[in-house]
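Trainee: Please read through the structure below; I'll follow up with questions.
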Amino acid sequence: MTNMPRTPSNSKPERSPTMAKPPANHGKSWTPAAVTQIKQLAKENTPTRVIGLKLGRTEDSVRAKAGENSVSLKPTNQSPYNRRKP
Numbered sequence: 007m008t009n010m011p012r013t014p015s016n017s018k019p020e021r022s023p024t025m026a027k028p029p030a031n032h033g034k035s036w037t038p039a040a041v042t043q044i045k046q047l048a049k050e051n052t053p054t055r056v057i058g059l060k061l062g063r064t065e066d067s068v069r070a071k072a073g074e075n076s077v078s079l080k081p082t083n084q085s086p087y088n089r090r091k092p
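Per this note's numbering: the sequence shown = residues 7 to 92.
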């Protein structure tokens, strides 16, 4: 095996690093209206990701704000333990 120096002809092409675009409200403080909207959407069993998209926030920030305000994001319309009705 020969040790050839890497030249542009035998090296892999470099990939440009791509980063996800931050949400619209990234770094902005939460408004009382946004918190109210989280509560309303959570009552309607809206998925956390969809709530984040509607509010221009990340899923993690929605979860954190819901936790601060004691809002449950768990769906209420699912039966526990996958029980079947007889």
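Backbone N, C-alpha and C fix where the C-beta goes; we use that ideal spot for every residue, glycine too.
1) Could you spell out the range, first to last residue, of the alpha helix (DSSP H) harbouring L59?
2) How long is the line joining the alpha carbons of E74 and A26, rounded to whole angstroms?
3) Buried or exposed for R55, going by 16 or more other Cβ atoms inside 10 Å?
4) How would you write the range of the alpha helix (DSSP H) that K45 sits in, first residue to last?
5) Could you tell me the boundaries of the alpha helix (DSSP H) in which S67 lies?
Mentor: Judging by the given coordinates:
1) Here the question's residue 59 lines up with position 53 in the sequence shown. Boundaries of the alpha helix (DSSP H) harbouring L59: T54 to L61, taken from the DSSP string.
2) Against the sequence shown, residue 74 aligns to sequence position 68. Against the sequence shown, residue 26 aligns to sequence position 20. Rounded to whole angstroms, E74 to A26 spans 26 Å at the Cα level.
3) To locate residue 55, count along the sequence shown from 1; it is residue 49. That one is exposed.
4) Walking along the sequence shown from the start, residue 45 turns up at place 39. Unbroken alpha helix (DSSP H) run through K45: P38 to K49.
5) Stepping through the sequence shown from its first residue, residue 67 is reached at position 61. Start and end: E65 to E74.
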